[in-house]
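Student: For reference, the structure I am asking about is given below.
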Amino acid sequence: MADSSEDPAVFSSSSLPADPRLLPTVTNAYLGTRVYRDTLHVSGVYSGAAGDTHRADVPSPANVRMAVPGAAGLDETFSLDTRTGTFSHELRSADYVATQQIYAHSSLVHLMVVSITIRRSAHTTQPITVQLQTPFEPKSQDLDLKQGPDFQGAHYAYGRTLVPEVRGGPCPALHMLWTPVPGALTLRGEERERRWQLLTAVAGSEEGAKGSYRRGLACAAAGLWRGCSAELAGPLRLQRALRGSLFYLLSSIAPQRLPALPSHGISPGGLANGARGEDYWGHVFWDQETWIFPNILLFYPEAARAMLEYRIRTLEGALHNAREQGYEGAKFPWESAATGREVCPEEIYGAQEIHVSGDVLVAFEQYYHSTQDQKLFREDGGWRLVCAVAQYWCSRMVWSEEERCYHIRDVMPPDEHHCHVDNSAYTNAVAQRSLTFAADLARDLLMPVPEQWLRRAENIKVPFDAGRKYHPEYDGYSPGEPVKQADVVLLGFPLMHPMSPEVRRNDLEMYEPVTELHGPAMTWSMFAVGWLELKEVQRAQTLLTKCFSNITEPFKIWVENSDGSGAVNFLTGMGGFLQAILFGYTGFRITRSSLRFDPAFPDDIHELSITGVSYLGNKLKFSITREEMGIEVTECARDPPALPLEAVLEESGQRLPLHKGQRVSFPTAAGWIQRS
-3 MADSSEDPAV FSSSSLPADP RLLPTVTNAY LGTRVYRDTL HVSGVYSGAA GDTHRADVPS
57 PANVRMAVPG AAGLDETFSL DTRTGTFSHE LRSADYVATQ QIYAHSSLVH LMVVSITIRR
117 SAHTTQPITV QLQTPFEPKS QDLDLKQGPD FQGAHYAYGR TLVPEVRGGP CPALHMLWTP
177 VPGALTLRGE ERERRWQLLT AVAGSEEGAK GSYRRGLACA AAGLWRGCSA ELAGPLRLQR
237 ALRGSLFYLL SSIAPQRLPA LPSHGISPGG LANGARGEDY WGHVFWDQET WIFPNILLFY
297 PEAARAMLEY RIRTLEGALH NAREQGYEGA KFPWESAATG REVCPEEIYG AQEIHVSGDV
357 LVAFEQYYHS TQDQKLFRED GGWRLVCAVA QYWCSRMVWS EEERCYHIRD VMPPDEHHCH
417 VDNSAYTNAV AQRSLTFAAD LARDLLMPVP EQWLRRAENI KVPFDAGRKY HPEYDGYSPG
477 EPVKQADVVL LGFPLMHPMS PEVRRNDLEM YEPVTELHGP AMTWSMFAVG WLELKEVQRA
537 QTLLTKCFSN ITEPFKIWVE NSDGSGAVNF LTGMGGFLQA ILFGYTGFRI TRSSLRFDPA
597 FPDDIHELSI TGVSYLGNKL KFSITREEMG IEVTECARDP PALPLEAVLE ESGQRLPLHK
657 GQRVSFPTAA GWIQRS
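Rendered as structure tokens:
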């Protein structure tokens, strides 16, 4: 669907960025590194206590680079292929082509692969030699590494992290095998082409590392997209931003065929980043649930479930956090690592930015409405978590006799320019939604509904100025006060807080001019979603275009702030941008009873095709133009069986049964998909 002969899925350059932070990352659900970096990271493996907790740096044997010193006339190309998840370095002369590829294996997730291929391109018989440069040493400031005996030609080291997150807590073990890197590779005179493979296997046990290395010797292949895609006919720059963002996000999740691989959360900078002092130290924030999760859920509910299971496994830490602050229930940390206890190095955020607990519950709610997976709640710990968060909100609210409603006081809203405020509109709205979901879920599970959940949900204050018909950010907010990032506009999406189109417009117009222009990258995508709801498509596109100042060349690495500061490979910004396309252009909204759609996109986009959308056990393909919309069920789950679906058109009420392999089409309009 490209409007150019250039491939929007491949990012190429003849040189690398001067700032090494902007080099592409190669990750899977377990391993991650930045190309040409001397360390890699392992999911869930942290070192350091409390506020010093950070991803443990593991020495990376994959930091290998080709060179041909003294060679004249060499053309050099660096490429990232987002279809296969491979980074390539190519050296080309009149006589040969040498290609190095680096990737984190998508199915053998304990494996990082470097392959080098030399191929003759002319009828010469001279040996061709390529040098390999690596600074690798099996040493780490975060691990007590020891050398072990070689295994099938690989070197072996093992050890544990040095400092546990909690006093007396575990120090995870790591075992690593790697192919020794030769100083040079030579294609002999009689050979036309040859490929060498350098493997790195990392696991929590010696058996796991050896098994992965053994399988890697037999099979090494990359692949990423696994049945989902989002393509648009429009500007090449937008296509590439879409491709790049999906690539970096999907690189963070486990493939469907490895459901047993636990998730340890997704941090704003991804698995490749997060060493001490960088990229939020690899901690997990609200970014996971609010900005990243909706995109994963849309395509891969199994991976979304794994992200929720991370919160279930760390529930004991959240219970501890609430007790420590004098409250009941579970308070999820502002910054989470291995245990769920607060690891934010600055106390005020952990104490006041409490909306994260509600954000976690919104993700559980979205998952439940998309899948109707009651097992997660009945058997796998989800119901206990939902109850604990509801209990926290109840204990955090106080009754105001003066206003005759419940207040939540002394908080920091998503707009971190303000703290110690009362009744943050976003915080209170997400608390209300948490309690409403908890009550609805209790009814579905045939559980008793505590009366205090209903009373507090019905009577919590969500600030509203009836004269100006907009939501003040908090009690005492004055129109015109600067705002750091998207805050009140999140009431419309993703919270879907009830309001009229007039109020939605007023919120957008009130906060757009006072929101920090060069602030966090996800902000403008949420304004764009709001204007798309109101069918102001060109205004939406103008705001979405602001995101491009956060995308660096040539590998489409996002930076948190447009001046280059903050986290790099900023998955949060990518997640917001993807939501503007996947939920904004389509109008997708996950509700209690349906998947709604209401497409709107700007003049320079002619068609949008989204394949692999998951809903109630079905996989759907949507094809949308201004004139026509098509929907097709492409797959139906068997265990548990997918629920039968129908599309309903809002204006006419027409019902269109959806059967596997049969495309239905109709003039583009609003409607929804529901269980038939």
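Here our numbering is used: position 208 in the sequence shown is 204, and no number is missing along the way. Heads up, the beta-carbon is just placed ideally off N, CA and C, and yes, glycines get one too.
I620 by DSSP, collapsed to three states: which one?
Tutor: The residue you call residue 620 lines up with position 624 of the sequence shown. Strand at I620.
Student: In terms of residues, what are the limits of the alpha helix (DSSP H) holding Y209?
Tutor: Taking the first residue of the sequence shown as position 1, residue 209 is located at position 213. Y209 -> alpha helix (DSSP H) spans 202 to 214.
Student: Classify D411: buried if its beta carbon has 16 or more other beta carbons within 10 angstroms, exposed otherwise.
Tutor: Here residue 411 is taken as the residue at index 415 of the sequence shown, counted from 1. It counts as buried.
Student: Since G266 contacts T49 with CB under 8 Å, what's their CB separation in whole angstroms?
Tutor: Taking the sequence shown and counting its residues from 1, the one referred to as residue 266 is at position 270. Taking the sequence shown and counting its residues from 1, the one referred to as residue 49 is at position 53. Actually they are not in contact, since the Cβ atoms of G266 and T49 sit about 17 Å apart, beyond 8 Å.
Student: Have a look at E72 and E642 and give me their C-alpha separation to the nearest angstrom.
Tutor: Numbered from its first residue, the sequence shown carries residue 72 at position 76. Numbered from its first residue, the sequence shown carries residue 642 at position 646. Their Cα atoms are separated by approximately 53 Å.
Student: When you compare each of K371, T335, E324, K457 to R392 by their alpha carbons, which one comes out closest?
Tutor: Numbered from 1 along the sequence shown, position 396 holds the residue referred to as residue 392. With distances taken between Cα atoms, R392 lies closest to E324.
Student: Using DSSP with H/G/I as helix, E/B as strand and the rest coil, what is E2?
Tutor: One-based indexing of the sequence shown puts residue 2 at position 6. E2 falls in the coil class under three-state DSSP.
Student: In terms of residues, what are the limits of the beta strand (DSSP E) holding P516?
Tutor: To locate residue 516, count along the sequence shown from 1; it is residue 520. P516 -> no beta strand (DSSP E), and no H or E assigned at all.
Student: Can you tell me where the beta strand (DSSP E) with D559 in it begins and where it stops?
Tutor: As a first step, residue 559 must be located in the sequence shown, where it is residue number 563. Element bounds for D559: n/a, residue is neither H nor E.
Student: Helix, strand or coil for Y611, going by three-state DSSP, please let me know.
Tutor: In the sequence shown, residue 611 corresponds to position 615, counting from 1. Here Y611 sits in strand by DSSP.
Student: Exposed or buried, which one is L19 when buried takes at least 16 other CB atoms within 10 Å?
Tutor: As a working mapping, residue 19 is identified with position 23 in the sequence shown. Label assigned to L19: buried.
Student: Measuring alpha carbon to alpha carbon, tell me which of W192, H351, F147, G278 ends up nearest L96.
Tutor: Walking along the sequence shown from the start, residue 96 turns up at place 100. Reading off the sequence shown, one finds Gln at residue 96, where the question assumed Leu. Measuring from the Cα of Q96, the nearest candidate turns out to be W192.
Student: Should the stretch 629 to 643 be called in touch with the stretch 548 to 555, which here means at least 3 C-beta pairs below 8 Å?
Tutor: No, they do not touch.
Student: Under 8 Å between the Cβ atoms of E532 and G488?
Tutor: As a working note, residue 532 is residue 536 in the sequence shown. As a working note, residue 488 is residue 492 in the sequence shown. No, these two residues do not count as a Cβ contact at 8 Å.
Student: What does the alpha-carbon distance come out to for the pair D(-1) and L232?
Tutor: Position 3 of the sequence shown, counting from 1, holds the residue named residue -1. Position 236 of the sequence shown, counting from 1, holds the residue named residue 232. Reliability fails at D(-1), whose pLDDT of 38 lies under 50, so the model's placement of it is uncertain and no value is given.
Student: Where does F579 sit, in a helix, a strand or coil, going by DSSP?
Tutor: Position 583 of the sequence shown holds residue 579. F579: helix per DSSP, three-state reduction.
Student: Here's a check: name, in chain order, each residue in its chain whose Cβ is nearer than 7 Å to the Cβ of S208, leaving out the five neighbours to either side.
Tutor: Here residue 208 corresponds to residue number 212 of the sequence shown, with the count starting at 1. Contacts found: L104, H106, L107, A197, A199.
Student: Could you tell me if F544 is buried or exposed, where buried requires 16 or more neighbouring beta carbons within 10 angstroms of its beta carbon?
Tutor: Your numbering for residue 544 matches position 548 in the sequence shown. Under this definition F544 is an exposed residue.
Student: Do S672 and E624 have their beta-carbon atoms positioned less than 8 Å apart in this structure?
Tutor: Locating residue 624 in the sequence shown gives position 628, where the first residue counts as 1. Locating residue 672 in the sequence shown gives position 676, where the first residue counts as 1. Cβ atoms of E624 and S672: not closer than 8 Å.
Student: Less than 8 Å between the C-beta atoms of D138 and A205, yes or no?
Tutor: The residue you call residue 138 lines up with position 142 of the sequence shown. The residue you call residue 205 lines up with position 209 of the sequence shown. No. Outside cutoff.
Student: Are three or more beta carbon pairs between the stretch 401 to 418 and the stretch 345 to 364 nearer than 8 Å?
Tutor: With a cut-off of 8 Å, the stretch 345 to 364 and the stretch 401 to 418 count as touching, because enough Cβ pairs lie within range.
Student: Whole angstroms are fine: how far does the CA of M518 sit from the CA of D283?
Tutor: Looking up residue 283 in the sequence shown gives position 287. Looking up residue 518 in the sequence shown gives position 522. Cα to Cα, the separation comes out at about 10 Å.
Student: For the alpha helix (DSSP H) that contains A453, what are its first and last residues?
Tutor: For the purposes of this step, residue 453 is taken as the residue at position 457 of the sequence shown. Element bounds for A453: 447 to 455.
Student: With DSSP run on the structure shown, which of helix, strand or coil describes Y473?
Tutor: Taking the first residue of the sequence shown as position 1, residue 473 is located at position 477. DSSP places Y473 in coil when its eight states are reduced to three.
Student: Output the distance between the C-alpha atoms of G149 and G185, rounded to the nearest integer angstrom.
Tutor: Counting from one through the sequence shown, the residue named residue 149 turns up at place 153. Counting from one through the sequence shown, the residue named residue 185 turns up at place 189. Their Cα atoms are separated by approximately 26 Å.
Student: So what does S605 bridge to, in DSSP terms?
Tutor: Within the sequence shown, numbered from 1, the residue matching residue 605 stands at position 609. Answer by DSSP bridge pairing, in chain order: E227, S619.
Student: Please list the terminal residues of the continuous beta strand (DSSP E) segment that includes T35.
Tutor: Looking up residue 35 in the sequence shown gives position 39. From DSSP, the beta strand (DSSP E) with T35 extends over 35 to 38.
Student: Sorted by chain position, which residues of the same chain lie with C-beta nearer than 8 Å to Q321's C-beta, five sequence neighbours on each side aside?
Tutor: Here residue 321 refers to the residue found at position 325 of the sequence shown. Once the five neighbours on either side are set aside, the close Cβ partners of Q321 are K327, A347.
Student: Evaluate K135 with the Cβ neighbour count: other Cβ atoms within 10 Å of its Cβ, from every protein chain shown; 16 or more gives buried, anything less gives exposed.
Tutor: As a working note, residue 135 is residue 139 in the sequence shown. Result: exposed.
Student: Under a Cβ-count criterion, where at least 16 other Cβ atoms within 10 Å of its own Cβ denotes burial, should E447 be classed as buried or exposed?
Tutor: To locate residue 447, count along the sequence shown from 1; it is residue 451. E447 should be labelled exposed.
Student: Using a Cβ-Cβ cut-off of 6 Å (strictly less than) and excluding sequence neighbours within five positions of R702, which residues of its own chain qualify?
Tutor: Nothing about residue 702 can be read from this structure; the chain reaches only from -3 to 672.
Student: Since A199 is in the beta strand (DSSP E), which residue starts that stretch and which ends it?
Tutor: Along the sequence shown, one-based indexing puts residue 199 at 203. Residues 189 to 199.
Student: So within the stretch 97 to 152, which uninterrupted beta strand (DSSP E) runs reach at least 3 residues, ignoring any that extend past its ends?
Tutor: Runs of the beta strand (DSSP E) inside the stretch 97 to 152: 107 to 116, 124 to 129, 142 to 147.
Student: Apart from the five residues just before and just after S43, which ones in its own chain have a Cβ nearer than 6 Å to its Cβ?
Tutor: Taking the first residue of the sequence shown as position 1, residue 43 is located at position 47. Excluding residues within five positions, the ones whose Cβ falls inside 6 Å are A52, D138, T157, L158, V159.
Student: Measure the C-alpha to C-alpha separation of Y364 and L441 and round it to an integer number of angstroms.
Tutor: In the sequence shown, residue 364 corresponds to position 368, counting from 1. In the sequence shown, residue 441 corresponds to position 445, counting from 1. Answer to the nearest angstrom: the Cα atoms are 12 Å apart.
Student: Taking the alpha helix (DSSP H) that D503 falls in, what are its first and last residues?
Tutor: Reading the sequence shown from its first residue, position 507 is the one you call residue 503. Here the alpha helix (DSSP H) through D503 covers 497 to 507.
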